[in-house]
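Accompanying notes for the structure given below.
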Ligand code: GNR
Ligand code: NI
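Residue numbers (the working numbering): 1 to 174.
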């Protein structure tokens with residue numbers, strides 16, 4: 001397994017739409033292993049492949065790992081087949097938008113169809129933090145970040161801050 005670098009905003013790759021996986025083969029599984037390791041190391045509770053620069057419809061999640069035991073989940077080509085009308089609000093963060101957090105409202109339940117680590121078709125009824133996290137990750141597959149739901153002013157301020165931070169880091173490295 002290899003730790004991969006997580007792309008951060010502003011980066012045009014984060015805005016591209018990811019394409020479906022044709023076959024869940026060894027290469028896809030190895031990418032999922034790398035993504036999981038990268039997510040745990042960050043640390044984060046979810047990661048989409050595009051965050052490590054791979055525009056494929058792959059998500060890894062583990063929303064409980066802080067409480068001890070690891071329960072990784074792998075989603076290939078996920079599709080939301082049903083969403084609840086009720087919404088809930090969580091404070092969201094994103095490894096691609098470091099240091100920024102905001103309350104985001106999303107449907108509180110969703111049913112998701114996907115392929116698992118072995119390419120087997122599965123369905124899950126998600127609620128609470130899991131539902132929020134799946135929707136956050138599925139947004140990444142469409143090139144959407146949580147800051148896109150904020151006011152134009154807030155979003156602009158965050159992007160400005162992040163690009164300033166990036167320039168500082170570049171200067172230190174150079
Ligand atoms: O680590 C993460 N925490 C988180 C918290 C609330 C809502 C969504 C998330 S996902 C985020 C990791 C990440 O950026 N995934 O794309
Ligand atoms: Ni994210």
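Virtual Cβ for every residue (Gly too), placed ideally from N, Cα, C.
As the structure is a computational prediction, the values presented were derived from the model and not from experiment.
List the endpoints of the continuous beta strand (DSSP E) containing residue 106.
By 1-based counting over the chain shown, the position of residue 106 is 106. Counting along the chain, the beta strand (DSSP E) containing residue 106 begins and ends at 102 to 107.
Enclosing beta strand (DSSP E) for residue 118 [first to last residue]:
Position 118 of the chain shown, counted from the first residue, corresponds to residue 118. Residue 118 -> no beta strand (DSSP E), and no H or E assigned at all.
Say the cut is 7 Å; is the CB of residue 18 nearer than that to a heavy atom of the ligand NI?
Numbered from 1 along the chain shown, position 18 holds the residue referred to as residue 18. Because no heavy atom of the ligand NI lies under 7 Å away, the Cβ of residue 18 does not count as near it: no.
Would you decide whether residue 153 is buried or exposed? Buried here means 16 or more other CB atoms lie within 10 Å of its CB.
Counting from 1 along the chain shown, the entry for residue 153 is found at position 153. With fewer than 16 Cβ atoms within 10 Å of its Cβ, residue 153 is classed as exposed.
Comparing the CB of residue 95 with every heavy atom of the ligand NI, is any distance shorter than 7 Å?
Taking the first residue of the chain shown as position 1, residue 95 is located at position 95. Yes.
Are there any heavy atoms of the ligand GNR lying less than 7 Å away from the beta-carbon of residue 90, as far as the coordinates show?
Here residue 90 is taken as the residue at index 90 of the chain shown, counted from 1. At least one heavy atom of the ligand GNR is nearer than 7 Å to the Cβ of residue 90, so yes.
How many angstroms separate the CA atom of residue 87 from the CA atom of residue 146?
Position 87 of the chain shown, counted from the start, is the residue given in the question as residue 87. Position 146 of the chain shown, counted from the start, is the residue given in the question as residue 146. Their Cα atoms are separated by approximately 16 Å.
Please work out which residues of its chain come closer than 6 Å, Cβ to Cβ, to residue 149, disregarding the five sequence neighbours upstream and downstream, and give them in chain order.
Position 149 of the chain shown, counted from the first residue, corresponds to residue 149. Beyond the five residues adjoining it in sequence on each side, residue 149 comes within less than 6 Å, by CB distance, of 104 in the same chain, given in chain order.
Along the chain, where does the alpha helix (DSSP H) containing residue 137 start, and where does it finish?
Taking the first residue of the chain shown as position 1, residue 137 is located at position 137. In this chain, the alpha helix (DSSP H) harbouring residue 137 covers 128 to 141.
Say whether the stretch 20 to 39 touches the stretch 55 to 70, bearing in mind that this needs 3 or more beta-carbon pairs closer than 8 Å, one atom from each stretch.
Verdict: yes, contact present.
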